[in-house]
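Residue numbers (the working numbering), protein chains in the order written: chain F, 339 to 764; chain U, 339 to 764.
Beta carbons: idealized from backbone N, C-alpha and C, even for Gly.
Notes for the one structure printed next.
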């Protein structure tokens, strides 16, 4: 029988060089996060569908891989809808499972708790170039810290992790969900339609100020409100950040909580300017929206010059754990776009340094196998050694071995110790 | 809304200390395997159900978590059986996906190819103590090497990995599927019932020689054949390995292939005796069966004194890839029981060494937050630092922090640099 040997649709196999690069990226990121006191936790790939269907996941909830019930619980005849036949789903992100994890284990953990999660998530999206249905997320979260200290540490740790990977010239953009709301209200939009305004403003990069204006007016928003908002967007689009922020703040009619939010945001900017590694910059961005509806306070994204997508994004979500566990816990997270980062490293041709050189130990049929065993053992004092049967066309074989990632080779001859050679000498 | 916050049935969350120990175990194993030229590959968690249902997986195929079709392909009304509604499954092992991977990618890989896989698999087993429905497997495989050199290297690498983890006194047990068959035939059993005899012989540890004899006779096997087999089992059970192996070999009526298999097994034993690290032993075990029906040649297991289960097991499976891809590829693998190994390390109280000390930086409300930020940054030159708001009952807080895995603490006071202290000085 011959089976289809391609991976499942929208998924991929990872070859040794790919895994090596990913392992390198993960190790560098985890090492940076460890300095900041973050510690890894893991949750299972499968969760109860009830947890994955609370609405916290937004549109991702439409993309869940659902797992069929098993045994007696599976009753096709009695099923009225397909959902009667499923009980678990593959997680679509790491934030919802972390909220469940914390609700379950808070008593065993320090307060605040600093979590790292690095693992696969699954979304049954329409397959497209560079998008996969299984992909890795890398999140850090501070749980139980209400103050903006959590945000400072998340941003610093993440900028440091990305800088350690060689991504220079990073820009951190800062915003705040509460100030966005105050701004939208201050412009005179209908408060009930705030989220709709966010969605359009979020498209500024793609459709420009005129596009945003057209879309907002097309949806029947008040002309004065649209003009007021676009005044700020024009300053943003023209690169005049100072004017943009001044106009933005002018529009807000802040209550006490709003003023505290504004003060925190300004402190965050000032502190990060001082504390970030050289080469990284920080700026308040009045148009930073971020998609997930669960954010409640500061928002942040990190972008890299020359790339249209952000390398990392996050924010504060103080009410999600409460909605799951019944008890609110202040929470704030930052997620590195692990697949994007790996893509950048690949494009730049990054080759991680190896602890040991990869050596191919070539042996023909004339070499007794005991000698192969012993020669391999001897070379392993220093190197990573793979015995390889020697083929007739040695030149071709050497070229292949070099292309396959070997650093050196040795031609084993009976009764002689192996001698390492560069492929160039081959 | 309050959601159920326990993980899905039979699954578990991993807390920081647990992940730290698992990461340590994985790192030590991967480092040993890297010396032997093995390189990591990854396949997706989901595979086509057709691949998972070829029969190669034996009883594990009954335990598959099946994933429901999506979109237009999901048609409840037209479904005659639940299987009409599913298309993918979560992998139940790493061997079947590797066979698919190799069939798909062989042209891009060296020959022989040495693969490491470390990742989760899923089986919907009845939950029981110490058994989980998601668990980690750690496999190495040599693909494309027909000679017993593959076996030597797999066994050495695995013994070295386990020894590096501090598991001393390991015993490697060796067998061969072809010799088992020759023995069963030589005793005079019905050749068509060979697998059934294997299943009973495999219970020797649990039910003893009398139990095996009773079960074989109860199933109607020939009395002379049962007596002949039990003669060997008695020598095994009494610990007289020399007699056991002599009697075992006497019973076999070997053809040319059988004689080559016997010679390879004896060479494997001799070579490993010489090449294994100090403290590890090796022995041929005529009763070593191993469950999976796909094995075709040498079989091996590693046991640790004091534990009733093996730490690792594997063997040669030269025909599996051919059954999947249509083209036979010699293949041989060894799987470490990762969860069992971690359990042993936990029982022994192993605490992995940390690269950095974990420091709790305690700060009261009187410390300006800029100073917290700067003190944390200063301490991070050497340590892993978590800022923690100071509580009123300091003694209790310090005891908790120590129990939660912090190595040191510092009490931050306004205007002063932080000073590290042991909890004993607390």
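Under 7 angstroms by beta carbon: chain F residues contacting residue i
i             : result
residue 439/U : 351
residue 490/U : 711
residue 442/U : 343, 344 and 351
residue 569/U : By Cβ distance, chain F contributes nothing, its closest Cβ being about 34 angstroms from residue 569/U, past 7 angstroms.
residue 383/U : 383, 458 and 472
residue 417/U : 414
residue 768/U : Nothing about residue 768/U can be reported from this structure: the residues present for chain U run from 339 to 764 only.
residue 609/U : 708 and 711
Chain-ordered chain U contacts of residue i [CB-CB under 9 angstroms]
i             : result
residue 535/F : The contacting residues do not exist; residue 535/F stays about 28 angstroms from chain U at best.
residue 374/F : 714, 718, 722, 723 and 724
residue 404/F : 405, 406 and 408
residue 362/F : In chain order: nothing, as chain U lies at least about 12 angstroms away.
residue 461/F : None at all; the shortest Cβ gap to chain U is about 11 angstroms.
residue 379/F : 351, 352, 353, 354, 356 and 357
residue 762/F : Near residue 762/F there are no residues of chain U at all, since even the closest Cβ is about 19 angstroms away, more than 9 angstroms.
Beta-ladder partner(s) of residue i, from DSSP
i             : result
residue 724/U : 698/U
residue 412/F : Looking at the DSSP assignment, residue 412/F forms no beta bridge with any residue, so it has no partner.
residue 654/F : 670/F
residue 748/U : 699/U and 758/U
residue 470/U : According to DSSP, residue 470/U bridges with nothing at all.
residue 622/F : 512/F
residue 352/F : 380/U
residue 478/F : 454/F and 672/F
residue 648/U : 641/U
Limits of the unbroken beta strand (DSSP E) element including residue i
i             : result
residue 404/F : 404-406
residue 639/F : 636-641
residue 452/U : 451-460
residue 559/U : Per DSSP, residue 559/U belongs to no beta strand (DSSP E) and is neither H nor E.
residue 427/F : 424-428
CB-CB length for residue i against residue j, believed under 8 angstroms
i             : j             : result
residue 626/F : residue 637/F : 5 angstroms
residue 408/U : residue 563/F : Actually they are not in contact, since the Cβ atoms of residue 408/U and residue 563/F sit about 40 angstroms apart, beyond 8 angstroms.
residue 717/F : residue 700/F : With 8 angstroms as the limit, residue 717/F and residue 700/F do not qualify as a contact, their Cβ atoms being about 12 angstroms apart.
residue 517/F : residue 579/F : With 8 angstroms as the limit, residue 517/F and residue 579/F do not qualify as a contact, their Cβ atoms being about 15 angstroms apart.
residue 379/F : residue 354/U : 6 angstroms
Chain U residues whose Cβ lies nearer than 8 angstroms to that of residue i
i             : result
residue 531/F : By Cβ distance, chain U contributes nothing, its closest Cβ being about 25 angstroms from residue 531/F, past 8 angstroms.
residue 706/F : By Cβ distance, chain U contributes nothing, its closest Cβ being about 11 angstroms from residue 706/F, past 8 angstroms.
residue 694/F : 372 and 373
residue 580/F : Simply none; closest approach about 24 angstroms.
Terminal residues of the alpha helix (DSSP H) in which residue i lies
i             : result
residue 665/F : Run containing residue 665/F: none; DSSP gives neither H nor E here.
residue 443/U : 433-443
residue 681/U : 676-685
residue 343/F : Neither: residue 343/F is in no alpha helix (DSSP H) and is coded neither H nor E.
residue 385/F : That residue, residue 385/F, is in no alpha helix (DSSP H); its beta strand (DSSP E) goes 384-386.
residue 400/U : Unbroken run through residue 400/U: none, as it is neither H nor E.
residue 491/F : 487-502
residue 736/F : 732-741
residue 579/U : 579-589
residue 536/U : 532-539
residue 716/F : 707-717
residue 602/U : 594-613
Chain-ordered chain U contacts of residue i [CB-CB under 7 angstroms]
i             : result
residue 613/F : 711 and 715
residue 326/F : Given that chain F is displayed from residue 339 to residue 764, the structure contains no residue 326/F and the question cannot be resolved.
residue 739/F : 448
residue 487/F : 707, 710 and 725
Under 8 angstroms by beta carbon: chain F residues contacting residue i
i             : result
residue 736/U : None at all; the shortest Cβ gap to chain F is about 12 angstroms.
residue 420/U : 406, 412, 414 and 423
residue 426/U : 346 and 403
Closer than 9 angstroms at the beta carbon, the chain F residues around residue i
i             : result
residue 450/U : 724, 725, 726 and 727
When you compare the segment 427-435 of chain U with the segment 429-441 of chain F, are there three or more beta-carbon pairs, one atom per stretch, that lie closer than 8 angstroms?
Segments in contact, no.
Does the count of Cβ pairs from the segment 519-534 of chain F and the segment 487-499 of chain F closer than 8 angstroms reach three?
Not touching, per the Cβ criterion.
Cβ contact (3+ pairs, closer than 8 angstroms) linking the segment 467-486 of chain F and the segment 343-355 of chain F:
Result yes; three or more Cβ-Cβ pairs closer than 8 angstroms.
Given 8 angstroms as the limit, is there contact between the segment 408-425 of chain U and the segment 362-370 of chain U, that is, 3 or more CB pairs closer than that?
no
Touching or not, the segment 639-648 of chain U and the segment 508-516 of chain U, by the rule of three or more beta carbon pairs under 8 angstroms?
yes
When the Cβ atoms of the segment 612-623 of chain U are set against those of the segment 538-553 of chain U, are three or more pairs found closer than 8 angstroms?
As far as the Cβ criterion goes, the segment 612-623 of chain U does not touch the segment 538-553 of chain U, which means the pair count is below three.
How about the segment 439-449 of chain U and the segment 419-429 of chain F: do they share at least three Cβ pairs that are nearer than 8 angstroms?
Judged by Cβ distances under 8 angstroms, the segment 439-449 of chain U makes no contact with the segment 419-429 of chain F, as fewer than three pairs qualify.
Just checking, does the segment 664-682 of chain U make contact with the segment 492-502 of chain U on the three C-beta pairs under 8 angstroms criterion?
yes
Is it a yes or a no for the segment 447-466 of chain U touching the segment 719-728 of chain F, going by three-plus beta-carbon pairs under 8 angstroms?
yes
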